[in-house]
Structures are given as structure tokens and as C-alpha cells.
Amino acid sequence: MKESQSIISVFNVAIGLLLVFNNVHSDSQWQNETIPSCKGQTFCENVANYPFDAVKKIISKHSLLKNYSNLDMVEPLKPTLPMHSEYGTKLCQSIEKIIFPKTAENMNNEWSYVLNTDDVVQGVHIEKCVNEGKRCSSINGLARGYITVCKQRYVHNQLLGLQKGGSYTYQQFRFPSNCYCYIEYVGPDIRLVEVADFQNKSSDIN
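As numbered in mature numbering (1 follows the signal peptide of the UniProt record, and there is no 0), residues -26 to -1, 1 to 180 make up the sequence shown, in order.
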């Protein structure tokens, strides 16, 4: 009887040590992996192998993070802003929405995990160009010698990010903020130059 109890005790200790080892491994494994990034963007909302265990451990140690919420306060959003409205005409079409990033690019151009779970919620208002690099609407061609192009502007938002070693800190992350029309003067209109050359050649002939 005593022998069987001893065997069970040893078995339980072994299982306990195995569980501890697995927990340590799962918490630290993400530190050796490449942080997921999304090509063509400065953030990712869905990533594989997000370190939920590490974030839960942080929350358990810091009770102030329980039910932490950091949401941008904005007016009710429309998925796509209309090009024409009672307020005028947009020069560049854009999309507005609230995102909840899991990873993002910080101001050091490095990707980092952002704390975003059921307990810690961080939402960022963004506005992205629909046709970045394309000509602006309405005013393109109205002013001779000028070209227009839609460009994306970015800002840095302060969010709680995960650090190597299992700690967290505030970091400045880069997000798209608005789409604007860039106007550049490239010189006299080509058509005007061609007309002037034609008139000069005609006068020479006469």
C-alpha cells in the first residue's frame, strides 16, 4: 500500500514538473520567434501564435490592467467616406475605421506585440487612402503646369506594448491618419509649349 502511494506521489510530482516546464516554454517561446508583420501596412489585427499566455501573466501581476480600455473617441464612422457631400467634394477617397492591432510598427521601425485581449482593449481610429498614388479628383487638370497625387499621412499613437522578458511598456506606434492631396508644380503645360512652338514655326514660314 505504501509502495503504491509512493509511486503515485512520484508520478504527481513528475506531472507537476512537466506542467511547469510547459508553461515556462509557452511563455518564453514567443521571445525567440519573429514578430508577425503585415506587408504594406504598419499594423496587423490578426496574427498567428499571439502570446496570450504572456499577456495573461502580465495582467495577473498588474491588477490595474484588468478591464483596461483605450479607445479613440470619434464620431460615428462610415466604412467609406462619400466623394461628394453637403460639405463639399473630397479630393482623395478614404476609408475610416477603428482597429484593434495585435502587432504594429513602432517609431523605431521595429514590429512589436500590442496588448489587445478580452481584458486589455486598445482601439485606434485610422483613415486609409483608397487610391494612394493616384491623381486627386476634381482639381486635377484645372491648373496648368501642376500635377496632383493622393498620399497617405501617418501619426504615432501611444499604446501598451509587450517587451522581451515578459514585461510591458508604453510605445509609440505608427498608424495611417488621413489621406491628403499633394500638389506639385512641374513647369509650363506641355500643350501650351507645343502650341507656342507651332506658332513660332508658322510665323517663320510666313
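A virtual CB, placed ideally from N, CA and C, is assigned to each residue, including glycine.
Query raised in the report: How would you write the range of the alpha helix (DSSP H) that I73 sits in, first residue to last?
Result: Along the sequence shown, read from residue 1 onward, the residue named residue 73 stands at position 99. Counting along the chain, I73 falls outside any alpha helix (DSSP H), though it belongs to the beta strand (DSSP E) covering 68 to 73.
Query - Beta-carbon proximity check, V123 vs Y156, cutoff 8 Å - result: The count along the sequence shown starts at 1 and reaches residue 123 at position 149. The count along the sequence shown starts at 1 and reaches residue 156 at position 182. Yes, Cβ-Cβ distance for V123 and Y156 is below 8 Å.
Requested in this report: Could you tell me which of F149, D46, V88 sits nearest to R127, measuring between CA atoms?
Outcome: Numbered from 1 along the sequence shown, position 153 holds the residue referred to as residue 127. Across the set F149, D46, V88, the C-alpha of F149 shows the shortest separation from the C-alpha of R127.
Query raised in the report: Around the Cβ of Y144, are there at least 16 other Cβ atoms within 10 angstroms (buried) or fewer (exposed)?
Result: Indexing the sequence shown from 1 puts residue 144 at position 170. Counting Cβ neighbours within 10 Å, Y144 comes out exposed, since fewer than 16 surround it.
**Report entry** Backbone CA spacing between F26 and E79 [nearest angstrom]
**Finding:** Here residue 26 refers to the residue found at position 52 when the sequence shown is read from its first residue. Here residue 79 refers to the residue found at position 105 when the sequence shown is read from its first residue. The straight-line gap from Cα to Cα measures roughly 19 Å.
Query raised in the report: When DSSP labels each residue in this structure, what does A78 get in the three-state scheme?
Result: Sequence index remark: in the sequence shown, residue 78 carries index 104 (1-based). In the three-state reduction of the DSSP assignment, A78 falls in the strand class.
Query raised in the report: When DSSP builds the beta bridges, which residues end up paired with E7?
Result: One-based indexing of the sequence shown puts residue 7 at position 33. Among the bridge pairs identified by DSSP, E7 is matched with none.
Query raised in the report: Secondary structure at V160, three-state DSSP: helix, strand or coil?
Result: Here residue 160 refers to the residue found at position 186 when the sequence shown is read from its first residue. Coil, per DSSP.
**Report entry** Buried/exposed call for V129, threshold 16 Cβ in 10 Å
**Finding:** The residue given as residue 129 occupies position 155 in the sequence shown. Exposed, by the Cβ-count rule.
Report task. Using only alpha-carbon positions, find the residue among P162, K71, N20, G161 that is nearest to H99. Result -> For the purposes of this step, residue 99 is identified with residue 125 of the sequence shown, where counting begins at 1. Of P162, K71, N20, G161, the residue nearest in Cα terms is K71.
Query raised in the report: How long is the line joining the alpha carbons of K30 and M81, rounded to whole angstroms?
Result: Here residue 30 is taken as the residue at index 56 of the sequence shown, counted from 1. Here residue 81 is taken as the residue at index 107 of the sequence shown, counted from 1. If I take the Cα positions, the gap works out to 26 Å.
Query raised in the report: Which residues in the same chain as W85 place their Cβ atom closer than 8 Å to its Cβ, once the five residues preceding and following it in sequence are excluded?
Result: Your numbering for residue 85 matches position 111 in the sequence shown. Only I9, P10, S11, T77, A78, E79 meet the Cβ criterion.
Query raised in the report: Rounded to the nearest angstrom, how far is the Cβ of K108 from that of Y154, given a contact under 8 Å?
Result: As a first step, residue 108 is located in the sequence shown; it is residue number 134 there, counting from the start. As a first step, residue 154 is located in the sequence shown; it is residue number 180 there, counting from the start. At roughly 13 Å, the Cβ-Cβ gap does not stay under 8 Å, so K108 and Y154 are not in contact.
Query - Ordered list of beta strand (DSSP E) runs contained in the segment 10 to 46, each at least 3 residues - result: Given a length threshold of 3 residues, each whole run of the beta strand (DSSP E) inside the segment 10 to 46 is given here in chain order: 42 to 45.
Requested in this report: Keeping to the same chain, check which residues put their C-beta closer than 6 Å to that of L39; ignore five residues upstream and five downstream.
Outcome: Sequence index remark: in the sequence shown, residue 39 carries index 65 (1-based). Here the set comprises I33, V94.
Query - Test: V104 CB closer than 8 Å to a CB of chain B - result: The chain inventory of the structure shown lacks chain B, comprising one protein chain alone.
Query raised in the report: Quick one: Cα of I121 to Cα of N105, how far?
Result: For the purposes of this step, residue 121 is taken as residue 147 along the sequence shown, with counting starting at 1. For the purposes of this step, residue 105 is taken as residue 131 along the sequence shown, with counting starting at 1. Distance between the alpha carbons of I121 and N105 is about 16 Å.
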